[in-house]
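Data first, discussion second: the structure below is written as structure tokens.
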Amino acid sequence: MHNKNLFLKNDSKIAIIGGGPAGSFFAHFAFRYATEAGIHVSITIFDKKSFCQKGPRGCNMCAGVISENLFNELEEEGIHIPPFCIQRKIEEYCLQSQDESVLLHHPVPGHIPKILTVFRGNGPLLSSHQGNVSFDDFLLNHVRKQGIEVVFEVVKGLKLPSKRGDPVEVIYGEGDVKKVFDADLVVGAFGVNTGIMESVANMDFGYKPPKTVRTCQCEIMLGNEYIEKTFGNNVFVFELGKRDLKFASITLKTDYITVSLVGRQDLTRNNLMDFLNHPVVRRLMPKEWVMPKGFCMCISKIPVTHAKHPFTDRFVILGDASISRAYKSGIESAFHMAKLSAYTAFKNGVSERAFMNGYFKPAKKLLARDNVYGIIMLKINDYITSQRRLANAHIKYIKYGKDRKVADQMNEVLWNMLSGNTSYKKIFYKFVNNPRLVCKMLPISMSAWGRQKMDDMKAWRETY
Ligand SMILES: Cc1cc2nc3c(=O)[nH]c(=O)nc-3n(C[C@H](O)[C@H](O)[C@H](O)COP(=O)(O)OP(=O)(O)OC[C@H]3O[C@@H](n4cnc5c(N)ncnc54)[C@H](O)[C@@H]3O)c2cc1C
8 MHNKNLFLKN
18 DSKIAIIGGG
28 PAGSFFAHFA
38 FRYATEAGIH
48 VSITIFDKKS
58 FCQKGPRGCN
68 MCAGVISENL
78 FNELEEEGIH
88 IPPFCIQRKI
98 EEYCLQSQDE
108 SVLLHHPVPG
118 HIPKILTVFR
128 GNGPLLSSHQ
138 GNVSFDDFLL
148 NHVRKQGIEV
158 VFEVVKGLKL
168 PSKRGDPVEV
178 IYGEGDVKKV
188 FDADLVVGAF
198 GVNTGIMESV
208 ANMDFGYKPP
218 KTVRTCQCEI
228 MLGNEYIEKT
238 FGNNVFVFEL
248 GKRDLKFASI
258 TLKTDYITVS
268 LVGRQDLTRN
278 NLMDFLNHPV
288 VRRLMPKEWV
298 MPKGFCMCIS
308 KIPVTHAKHP
318 FTDRFVILGD
328 ASISRAYKSG
338 IESAFHMAKL
348 SAYTAFKNGV
358 SERAFMNGYF
368 KPAKKLLARD
378 NVYGIIMLKI
388 NDYITSQRRL
398 ANAHIKYIKY
408 GKDRKVADQM
418 NEVLWNMLSG
428 NTSYKKIFYK
438 FVNNPRLVCK
448 MLPISMSAWG
458 RQKMDDMKAW
468 RETY
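So the number in the numbering used here is just where the residue sits in the sequence shown, counting from 1, plus 7.
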């Protein structure tokens, strides 16, 4: 039903819960669309964290890779990442199996990728740098300059109005204090590492949070010189045949490396230690290296499905708590969802129906459907990486294959998968619609698979 109250107008108040990328990007676009509409709205971001702090307390816990697409989109929006935030410029991806490794390069010859790494908070716990290098703080400061207010207090709950069209009450404050903020629009950009997600799920408007798994990450100080000598400017992605791991990478910062592990199920510190002790990983670390006693480590959640019904009248949820690209480029997904939902709020209103048609349906088309292709591709990749000989055969072909065109096409598929440069759907069809690539890889894969099964049988006979 159309309700003329459910539109933003002069002096409307917007409350954004969460000052991570989704919250800051929403504020950025809301400011833009309000200016275009010639109305003044007051926008307040609530966040319980200050990104000026070092370690997990000031950090939204991620590997910190800014994809090339996002970099370009930020530039177009006039959001220029300052040099003090940039930890490293990434040139290539190194795919490392148990026995082989290959450097994957950008598919366009001569193109210099614009992939950056950043710290989300103010760097690792115990790091000695001066100043604030946080990417999330930079984004928050960007929107502050547009007049957006930031309140560093926790949001404890929300009260939806009993009469349609009335404002939503945001209850916030530290300790026992309970303050109320009446909002004409509430934006839930609270991510998946927060209790408020569950309380919103209990509000009976149909929101079901995404399913998540616990990942494990740590920052290790190795020094710039050692990092450049050993890793170059490349993100390392590991295919070590470990069944508990879905994705393992080392991302380079200036003086630190970030180890990120995503599992099939919840991971713990033991998985991290196990990974760091793998001979292939040990070979990349300095001789005699031991894990320091105090180091920066976090267990954070990653969404593995998308949310159901992340909207109602005057309330929209975005970012990780809603819908994002499976296992890749979460910050870029937050950017797109913030733009879509802000556009909807200013052009079509803040009713449930407006968010359904203007935000969630297009978001599902863009990301959820694409994730289906992603999951198929990741499952195939999971199988390949779990079979030592198969993983080696693929890497060897990219490196030494006689048919360089096929080798380049394989490089392109993997580059796009790892860098998140192209939609999963495009990667999938580019692969299956390429008879030359499929015809070449099928016999190589079958032969490697056969040899792997022989190895498995031999190992089984030796055991019993
Ligand atoms: C291991 C791992 C590696 C990743 N690597 C990358 C990568 O390299 N590149 C990439 O693009 N993405 C990566 N991601 C994904 C990325 O971290 C997320 O997609 C992104 O942070 C989502 O942004 P968001 O704003 O939705 O949520 P968040 O970044 O989680 O921000 C939510 C904010 O809400 C605040 N908040 C929560 N509850 C409350 C409350 N009750 N009151 C006030 N404030 C509150 C929090 O303090 C936080 O600041 C990775 C994720 C994981 C787990």
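In this text, a Cβ means the ideal position worked out from N, Cα and C, and glycines have one as well.
Extent of the continuous beta strand (DSSP E) run through residue 41: Taken as a continuous stretch (DSSP letters only), residue 41 belongs to no beta strand (DSSP E), being part of the alpha helix (DSSP H) at 28-44.
Assigned secondary structure, residue 345 (DSSP; H/G/I helix, E/B strand, else coil): helix
Closest Cα partner of residue 312 within the set 176, 17, 29, 220: 220
Element boundaries [beta strand (DSSP E), containing residue 179]: 175-179
Burial state of residue 340, where buried means 16 or more other Cβ atoms lie within 10 Å: buried
Pairwise C-alpha distance: residue 420 and residue 431: 10 Å
Integer Cβ distance of residue 24 from residue 53, believed to fall under 8 Å: 5 Å
Contact test: residue 161 Cβ vs ligand 1 heavy atom, cutoff 7 Å: yes
Under 8 Å between C-beta atoms of residue 298 and residue 283: yes
Close Cβ partners of residue 301 (< 8 Å) along its chain, the five nearest in sequence each way excluded: 132, 133
Residue 225 - partner residues in DSSP beta bridges: 266, 304
First through last residue of the beta strand (DSSP E) which encompasses residue 109: 108-111
DSSP beta-bridge partners of residue 189: 176
Inter-residue Cα distance where the pair is residue 376 and residue 369: 10 Å
Contacting residues, own chain, Cβ-Cβ under 7 Å from residue 102 (five flanking each side not counted): 108, 109, 111, 244, 246, 402, 421
Limits of the unbroken beta strand (DSSP E) element including residue 385: Premise fails: residue 385 lies in the alpha helix (DSSP H), 376-393, not in any beta strand (DSSP E).
Beta-carbon gap between residue 193 and residue 165 smaller than 8 Å: yes
Integer-rounded CB distance, given that residue 462 should sit under 8 Å from residue 411: That pair is no contact at about 29 Å.
Cβ-Cβ distance between residue 28 and residue 326 below 8 Å: yes
Residue 333 (DSSP reduced to helix, strand or coil): coil
Strand pairing of residue 3, partner residues [DSSP]: This structure gives no information on residue 3, because the portion of the chain shown stretches from 8 to 471.
Cβ contact (3+ pairs, closer than 8 Å) linking the segment 120-128 and the segment 56-73: yes
Start and end residues, alpha helix (DSSP H) containing residue 470: 442-470
Which of helix, strand or coil DSSP assigns to residue 515: Residue 515 falls outside the range modelled here, since the chain spans only 8 to 471, and no answer is possible.
Residue 22 and residue 177 closer than 8 Å at C-beta: yes
Proximal residues to residue 86 (C-beta, below 8 Å), its chain only, five neighbours per side dropped: 35, 146, 149
At least three beta-carbon pairs within less than 8 Å, the segment 199-214 to the segment 315-325: yes
Inter-residue CB distance, residue 97 and residue 123 (contact presumed, cutoff 8 Å): 7 Å
Classification of residue 468 by the beta-carbon crowding that lies within 10 angstroms, buried from 16 upward: exposed
Among 32, 26, 49, 30, the one whose alpha carbon lies nearest that of residue 16: 49
Inter-residue spacing [alpha-carbon to alpha-carbon] between residue 64 and residue 307: 12 Å
Buried versus exposed, by CB contacts within 10 Å (16 or more), residue 113: buried
Per-residue burial, residue 156 [other beta carbons within 10 Å of its own, 16 or more giving buried]: exposed
Simplified DSSP assignment, three categories, for residue 357: coil
Same chain, Cβ closer than 8 Å to residue 264, neighbours up to 5 away in sequence not counted: 226, 227, 229, 234, 238, 257, 258
Whole-number beta carbon distance between residue 33 and residue 348, since they are thought to touch under 8 Å: 7 Å
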